[in-house]
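Numbering (the UniProt record's numbering), first residue to last: 1 to 204.
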Amino acid sequence: MMFYRVVVAILRVLFFPFYRVRVHGRENIPEKADIIACANHWSNLDPFFLALNLPIKFNFMAKKELFEIPVLRNILKAAGVFPIDRKGNDLKALRYAIGLIKDGKTLGIFPEGTRVKKISRENMHEGIGFIALKAKSDILPIEIVTSYKLFSSVDIYVKEPIAIEKYADIKNKEAMKMISDEVFYAIYDHRDIIESEKNGNNNC
Numbered sequence: 001m002m003f004y005r006v007v008v009a010i011l012r013v014l015f016f017p018f019y020r021v022r023v024h025g026r027e028n029i030p031e032k033a034d035i036i037a038c039a040n041h042w043s044n045l046d047p048f049f050l051a052l053n054l055p056i057k058f059n060f061m062a063k064k065e066l067f068e069i070p071v072l073r074n075i076l077k078a079a080g081v082f083p084i085d086r087k088g089n090d091l092k093a094l095r096y097a098i099g100l101i102k103d104g105k106t107l108g109i110f111p112e113g114t115r116v117k118k119i120s121r122e123n124m125h126e127g128i129g130f131i132a133l134k135a136k137s138d139i140l141p142i143e144i145v146t147s148y149k150l151f152s153s154v155d156i157y158v159k160e161p162i163a164i165e166k167y168a169d170i171k172n173k174e175a176m177k178m179i180s181d182e183v184f185y186a187i188y189d190h191r192d193i194i195e196s197e198k199n200g201n202n203n204c
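So this is what it looks like as structure tokens:
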């Protein structure tokens, strides 16, 4: 925990001169830590924007290739980041993620799986539903809106938590899809393109 705080403090000094960050919806951040915090993913800067500007100790998933670099691997592990194989169903990583939440920690996840270039429901993976159901954890949707250019503004929108309890009596496969749907629309709820997605038009 101390290492995490030190890293965050150092990165804040490095980041703050270059980006003007505004956080909206702080009141939606729950007091309890055992929750899944999920956000859209357009840049490698996204986890930094979240960790440096929200009062949450994130435990992020990251692609396993990053852990093949010895120095980086040690830093990532010390910061609470753990590897996942994005090419298949990494059950070990999923079990670890579920265990983190049950231990009262916050799982940070980008449900689109990788950086994306357009808003589309097709980008949303259903693994977040699997984790939420198994861990019986609510989900905190977050949207990052920025051009990512130096000296640009960054708006972080923390949405209302999604209660997972309402999906308890629904079959897992159906519930996972429904959860992914709700997460997608919660993250991008103020984007015009969402109306096209809801109407079945994925060409925008």
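Don't be surprised by glycine CBs; every beta carbon is placed ideally from N, CA and C.
Treat the numbers as computed from the prediction; the structure is a model and nothing was measured.
| Strand pairing of K63, partner residues [DSSP] | I84
| field | Beta carbon of F184 nearer than 9 angstroms to that of M124 | value | yes
| query | Between the beta-carbon of I162 and the beta-carbon of L140, is there less than 9 angstroms? | reply | yes
| said: Helix, strand or coil, according to DSSP, for E122 in the structure here? | reply: helix
| Relative to the alpha-carbon of V158, which residue among R20, F18, H24, V13 has its alpha-carbon at the smallest distance? | H24
| query | Below 8 angstroms, can you find three or more Cβ-Cβ pairs linking the region 91 to 103 to the region 38 to 52? | reply | no
| query | Grouping DSSP H, G and I as helix and E and B as strand, with all else coil, what is S180? | reply | helix
| Around the Cβ of S152, are there at least 16 other Cβ atoms within 10 angstroms (buried) or fewer (exposed)? | exposed
| task | Along the alpha helix (DSSP H) that carries D169, what are the first and last residues, could you check? | result | Segment: none, D169 is in no alpha helix (DSSP H) and carries neither H nor E.
| Segment contact flag, the region 81 to 92 with the region 131 to 145, C-beta cutoff 8 angstroms, min 3 pairs | no
| field | Paired residues, beta bridge with V21 - DSSP | value | V154
| task | May I have the straight-line CA-CA distance separating I170 from A135, to the nearest angstrom? | result | 16 angstroms
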